[in-house]
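In full-length UniProt numbering, the protein residues as written are 1 to 685.
First the structure, in the form of structure tokens, and then the observations on it.
What follows is the structure, given as structure tokens:
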């Protein structure tokens, strides 16, 4: 599948549902409406770290207000004054808190009447579906989401195969077909078969989940389509069909597609019907299977779009399928090529449910009948689908190693809220292979872990200083993959008027004992029920340094002082202003005695040299030296990534966006005399 496509975001073209309807007497609607996007509406994505207060203040300053939000991809639908839409869009695009801003584009349906009726479904034997049915006819555990205009709930070939869906137009569960297109699309994918009635669907034992985004006037907004994609993914649906498209690129659509793909779904979309190589979306989005249309003679349908963004081809001419009202009719368009392909994907997953979406797409394309020029081409992609070959390949396939991270989110408390006392932090986590455990971190420090859903954590905020803190959850599956939640920013505000207890503070015994030289690290422990606000280290009564973040560590370069005896004292303050003091530690400095010229021993313990890495890696290293370790530094391809003032280093490396290739990891360690040791390995993405 295509990975990246660039398109001018300001090019606004007519957006059409890929549908050509063959019904006697149906009216022709020109697919060239001037209504290209919703007037007075924009879609924005807020950057991580921006507070709700900042965003609301920004919107208010432009006379805008939030009208809806897709929380999983952080996209808001906002209302703006119609006359000022372009000015507001331009202003928001320049704001540092906004990731992107775009119009809420509209998809509309176009009909082309044709009275010819075909008595049989030629496309099913063409793709070897009947032979494939000897192996599988679909599965109740592999539903197909149909993002469209709804489905006729009383149709004899569909009623028994429907499961609950959602109506994003009216925000309810009424998924009756308001147009007729969705009923035809659903029948192409999974009409009931072997029931002595009507027609056959490709995966006739797979349930249909109707998700309504297309209204009776043939319009569907990109915002509603994105909502439907996310909804299907959250319901665990692994086959999603979208017979809707437009020529305007949308970050909102791409983000929604990525969300579903990362949850293991296969998303299929029609290429459109304008006989052009112009990319149409969501078909041309990364992580979507774009389907062009073929005829009964395995040629490209005259109406079908084409281009280097096409992945595969499927029958799309004179497709006999279900119609709203309980009837049947012949339809033309890539709107039907896509659900026919979705049916084959459902057969693949029914034959081998353990396959990943990457494997499913590989099987679909590699099992296709090569048409046109040898190999991939711009008209048929990798070829015309073959159900039998796809099923046989799926049955023989060995499941890939699980590399999909769990999804995880902190559901309570909400971002940018004030908390106090003892509270429960709630986390939702999901993974196709099951969640092994969930960990909760406060300011980067592990608070606790939970192995049972629902995942909840008791957090006593009295142990933290009043002020801003960050919560983050990490979920692990049984394969060791880890998913990280978004950071939740909260403000701790506990009353501290009655706090008269001073912090408990002590200096950790210094490595090397009472006789020191070179540069050394002085570690201090400080605790307080109300939270420690500040720790200071004094040398012979003079302030040496201060620290506000645990663990409290101070570097002392003894070479800047004359040889002799010195006294160290640590002082800690809590949020109420109470002062605690450590005992006196006496140390002797002698930089003449120690003539240390030996470098520290350094070992990168994880990952191993030559290892292949996934999407996240924990780099771990250790160092040792007779005179003590001053600090450790981590470099990746020569760029400094982390510094630790101790003899062990651990750093989480997010490699998801890295290009394939070799990467050099180096860890340097410095002892108290300034000697340097290093270890270097090479890993491969």
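The C-beta atom is built at its ideal place from N, Cα and C for all residues, glycine as well.
On the CB-based measure, 16 or more other CB atoms within 10 Å of its CB, does residue 183 come out buried or exposed? buried
Three-state secondary structure (DSSP) of residue 24: Its pLDDT being 28, under 50, residue 24 is placed unreliably by the model, and nothing is read from it.
Ordered along the chain, which non-local residues of its own chain (more than five positions away) have a Cβ less than 7 Å from that of residue 688? Residue 688 lies beyond the stretch modelled for the chain, which goes from 1 to 685, so this question has no answer here.
Inter-residue Cα distance where the pair is residue 516 and residue 589: 5 Å
With DSSP as the reference, identify every bridge partner of residue 487, one or two as the case may be. The partner list for residue 487 (beta bridge, DSSP) is empty, contrary to what the question assumes.
Buried or exposed for residue 155, going by 16 or more other Cβ atoms inside 10 Å? buried
The segment 279–295 contacting the segment 129–144, beta-carbon criterion three pairs below 8 Å: no
Residue interval of the beta strand (DSSP E) (run including residue 684): 676–684
Would you mind working out which of 172, 572 and 218 sits nearest residue 530, comparing C-alpha positions? 572
Quick one: using the 10 Å Cβ neighbour count with 16 as the cut-off for buried, is residue 609 buried or exposed? exposed
Pull up the distance between the alpha-carbon of residue 514 and that of residue 564, whole angstroms please. 11 Å
Where does residue 376 sit, in a helix, a strand or coil, going by DSSP? coil
Let me check understanding here. Comparing Cα to Cα, which of 464, 437 and 55 lies closest to residue 415? 55
Spatial neighbours of residue 159 within its chain, please: C-beta separation below 7 Å, excluding the five flanking residues on both sides. 153
Closest by CA to residue 481, which one among 375, 62 and 617? 617
Between the Cα of residue 210 and those of 168, 603 and 632, spot the shortest distance and give me the residue it belongs to. 168
Considering Cα atoms alone, identify which of 328, 327, 584 and 283 is closest to residue 313. 283
Compare the Cα-Cα distances from residue 224 to each of 292, 91, 103 and 135 and report the closest residue. 103
Proximity winner among 101, 96 and 76, relative to residue 88 (alpha-carbon distances): 101
In three-state DSSP terms, what is residue 670? strand
Contact between the segment 424–431 and the segment 465–481 (3+ Cβ pairs under 8 Å): yes
Residue(s) in a DSSP beta bridge with residue 424: 458
C-alpha distance - residue 187 paired with residue 490, whole-angstrom precision: 49 Å
Name the two residues that bound the continuous beta strand (DSSP E) containing residue 495. Premise fails: residue 495 is in no beta strand (DSSP E) and is neither H nor E.
Residue 413 and residue 488 closer than 8 Å at C-beta: yes
Work out the CA separation of residue 475 and residue 234 for me, nearest whole Å. 17 Å
The alpha helix (DSSP H) spanning residue 125 covers which residue range? 123–126
In chain order, what residues of the same chain lie with their CB nearer than 7 Å to the CB of residue 537, ignoring the 5 residues before and after it? 522, 524, 544, 545, 554, 568 and 570
For residue 111, does the three-state DSSP call read helix, strand or coil? Note that residue 111 has pLDDT 29, beneath the 50 cutoff, so the model's placement of it is unreliable and the number below is only indicative. Looking at residue 111 - three-state DSSP - the assignment turns out to be coil, as it is neither helix nor strand.
Under the rule that 16 or more other beta-carbon atoms within 10 Å means buried, what is residue 382, buried or exposed? buried
Provide the residue span of the beta strand (DSSP E) that contains residue 650, from first to last. 648–654
Within 10 Å of its beta-carbon, does residue 398 have 16 or more other beta-carbons around it, so buried, or fewer, so exposed? exposed
To the nearest angstrom, how far is the alpha carbon of residue 204 from that of residue 464? 58 Å
Whole-number beta carbon distance between residue 678 and residue 602, since they are thought to touch under 8 Å: 6 Å
How should residue 348 be labelled, buried or exposed, when 16 other C-beta atoms within 10 angstroms of its C-beta is the threshold for buried? buried
By a C-beta neighbour count over all protein chains shown, 10 Å radius and 16 as the cutoff for buried, is residue 243 buried or exposed? buried
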